[in-house]
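Residue numbers (the working numbering): 122 to 459.
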């Protein structure tokens with residue numbers, strides 16, 4: 122295995138390193154080209170890579186921006202020095218390509234050399250072992266609460282703007298701001314109602330992320346509740362599963378469902394809101410079919426109906442429309458970051 126081979130840390134000239142075009146991540150795309158250009162390689166890496174550990178999250182573009190902002194990579198690439206002296210990337214194709222691009226375009230900074238862990242003459246089994254460890258095991262990702270705590274530290278203690286945080290860490294401004302405010306809400310409203318810090322449940326964090334949707338906060342205000350009440354509902358498990366947070370506006374708007382929610386929780390309250398006589402065939406329709414139908418209906422909507430929805434933001438139709446928007450936006454953001 123690779124652990125049996127000696128390795129060393131060194132700074133290598135990027136021009137002396139060859140990308141591994143047979144890497145499973147980009148091999149399918151590379152097979153379409155006889156002699157791929159630098160632009161084609163960059164395109165393949167951008168289309169087929171997420172973060173450097175293969176997890177959904179940091180895209181090629183945001184990784185590129187992060188490297189430029191930081192003036193280099195944090196984690197060394199891994200290189201195999203073959204018996205003929207050729208240096209071939211095992212792990213870090215994307216980072217090497219970004220360095221090559223920066224050097225070619227003469228961006229300010231030192232892009233001639235890149236930190237690397239170099240092995241000598243590994244065989245294919247040893248190379249595969251390194252790749253598997255990097256992509257299937259990898260480092261442990263931070264849990265959402267810990268990530269939010271660090272983002273809040275960068276914002277409040279290091280005084281970085283949301284734009285700067287995105288440059289360093291990737292993601293988008295909306296996600297960064299939502300995480301920071303959600304962390305602060307959890308600390309300010311959830312922690313104080315607990316008997317001790319041992320009762321603090323970090324897995325409840327997603328509820329406070331959902332709370333950042335404007336319509337959810339507005340529904341609390343409009344029905345006379347506070348964020349402290351919300352925190353108590355989270356602690357009492359009245360909102361389990363936590364995805365029910367986005368359904369709070371509908372629940373609180375209806376007097377009967379609100380009473381049931383306060384007594385028995387969101388799941389029971391939602392049963393009251395089920396529309397009698399709903400077409401059961403909709404349950405068998407695919408997501409694509411439903412979305413096509415929704416798009417068709419929206420394009421047919423009259424301006425008078427738009428005005429009515431605008432003037433009645435608490436109507437059931439408006440609430441369901443906003444709930445659908447939240448769900449679609451969340452799904453699209455997940456797809457764009459993966």
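We treat Cβ as the ideally placed atom computed from N, Cα and C, and that holds for glycine.
Looking at C-alpha atoms only, which residue of 132, 207, 293 is the closest neighbour of residue 235? Along the chain shown, read from residue 1 onward, the residue named residue 235 stands at position 114. Distances from the CA of residue 235 to each of 132, 207, 293 were compared; the closest alpha carbon is that of 132.
Runs of alpha helix (DSSP H) lying entirely within the stretch 216 to 294, each at least 4 residues, in chain order: The alpha helix (DSSP H) runs of length 4 or more contained entirely in the stretch 216 to 294 are, from start to end of the chain, 245 to 253, 265 to 277, 283 to 290.
Among 251, 267, 423, 366, whose alpha-carbon lies nearest the alpha-carbon of residue 323? Start at 1 with the first residue of the chain shown, and residue 323 comes out as number 202. When C-alpha distances from residue 323 are compared across 251, 267, 423, 366, the shortest belongs to 267.
Is DSSP giving residue 128 helix, strand or coil here? Translated into the one-based positions of the chain shown, residue 128 becomes position 7. DSSP places residue 128 in strand when its eight states are reduced to three.
Examine the Cβ distances between the stretch 240 to 249 and the stretch 270 to 284 and report whether three or more of them are shorter than 8 Å. Contact fails between the stretch 240 to 249 and the stretch 270 to 284, because fewer than three Cβ pairs, one in each stretch, are under 8 Å apart.
The stretch 292 to 308 contacting the stretch 197 to 208, beta-carbon criterion three pairs below 8 Å: With contact defined as three or more Cβ pairs closer than 8 Å, the stretch 292 to 308 and the stretch 197 to 208 are not in contact.
What is the DSSP secondary structure of residue 201, counted as helix, strand or coil? For the purposes of this step, residue 201 is taken as residue 80 along the chain shown, with counting starting at 1. Looking at residue 201 - three-state DSSP - the assignment turns out to be strand.
Could you tell me whether the stretch 212 to 222 touches the stretch 192 to 200, using the rule of 3 or more Cβ pairs below 8 Å? Because the criterion of three Cβ pairs below 8 Å is met, the stretch 212 to 222 and the stretch 192 to 200 touch.
On the CB-based measure, 16 or more other CB atoms within 10 Å of its CB, does residue 354 come out buried or exposed? For this step, residue 354 is matched to residue 233 along the chain shown. By the neighbour-count rule (16 or more Cβ atoms within 10 Å), residue 354 is buried.
On the three-state DSSP scale, how would you describe residue 448? Your numbering for residue 448 matches position 327 in the chain shown. Residue state, collapsed to three classes: helix.
Span of the beta strand (DSSP E) holding residue 308? Start at 1 with the first residue of the chain shown, and residue 308 comes out as number 187. It is not in any beta strand (DSSP E) - residue 308 carries neither H nor E in the DSSP assignment.
Quick one, which of 314, 313, 443, 359 has its alpha-carbon nearest residue 328's? Taking the first residue of the chain shown as 1, we reach residue 328 at position 207. Considering only alpha carbons, the answer is 359.
In three-state DSSP terms, what is residue 342? In the chain shown, the residue the question calls residue 342 occupies position 221. Three-state result, residue 342: helix.
Among residues of its own chain, excluding the 5 on either side of residue 436, which ones have a beta-carbon nearer than 6 Å to its beta-carbon? Taking the first residue of the chain shown as position 1, residue 436 is located at position 315. The beta carbon of residue 436 lies closer than 6 Å to none in the same chain, with the five residues before and after it left out.
Cβ-Cβ distance between residue 312 and residue 326 below 8 Å: For the purposes of this step, residue 312 is taken as residue 191 along the chain shown, with counting starting at 1. For the purposes of this step, residue 326 is taken as residue 205 along the chain shown, with counting starting at 1. No, the pair does not count as a contact, with Cβ atoms beyond the cut-off.
Given this structure, state the Cα-to-Cα distance separating residue 439 from residue 252, to the nearest angstrom. Working through the chain shown from its first residue, we reach residue 439 at position 318. Working through the chain shown from its first residue, we reach residue 252 at position 131. Taking C-alpha positions only, residue 439 is separated from residue 252 by approximately 49 Å.
Classify residue 194 as helix, strand or coil using the three-state DSSP reduction. As a first step, residue 194 is located in the chain shown; it is residue number 73 there, counting from the start. Secondary structure of residue 194 (DSSP, three-state): coil.
In DSSP terms, what residue 134 is bridged to: Counted from its first residue, the chain shown places residue 134 at position 13. Paired residues: 234.
Quick check: the stretch 223 to 231 against the stretch 182 to 192, are at least 3 beta-carbon pairs closer than 8 Å? With the cut-off at 8 Å, the stretch 182 to 192 and the stretch 223 to 231 touch.
Under the three-state reduction of DSSP, which class applies to residue 212: helix, strand or coil? Residue mapping note: residue 212 aligns to position 91 of the chain shown, counting from 1. DSSP, read as helix, strand or coil, puts residue 212 in strand.
Between which two residues does the alpha helix (DSSP H) harbouring residue 370 extend? As a position in the chain shown, residue 370 is number 249, starting the count at 1. Unbroken alpha helix (DSSP H) run through residue 370: 369 to 374.
Name the residue from 316, 317, 373, 361 whose alpha carbon lies nearest to the alpha carbon of residue 338. For the purposes of this step, residue 338 is taken as residue 217 along the chain shown, with counting starting at 1. Residue 373 holds the alpha-carbon nearest to the alpha-carbon of residue 338 among 316, 317, 373, 361.
According to DSSP, what are the bridge partners of residue 405? For the purposes of this step, residue 405 is identified with residue 284 of the chain shown, where counting begins at 1. None; residue 405 has no bridge partner.
Count the other CB atoms within 10 Å of the CB of residue 448; is the residue buried (16 or more) or exposed (fewer)? Here residue 448 corresponds to residue number 327 of the chain shown, with the count starting at 1. Burial call: exposed.
Using 8 Å as the threshold, is the C-beta distance between residue 330 and residue 224 below it? By one-based count along the chain shown, residue 330 stands at place 209. By one-based count along the chain shown, residue 224 stands at place 103. Not a contact, by the Cβ cut-off of 8 Å.
So, at 6 Å on beta carbons, what are the nonlocal neighbours of residue 349 in its own chain, with the 5 sequence-adjacent residues on each side left out? By 1-based counting over the chain shown, the position of residue 349 is 228. Take residue 349, set aside five residues on each side of it, and the residues of its chain with a beta-carbon closer than 6 Å to its own are 310, in chain order.
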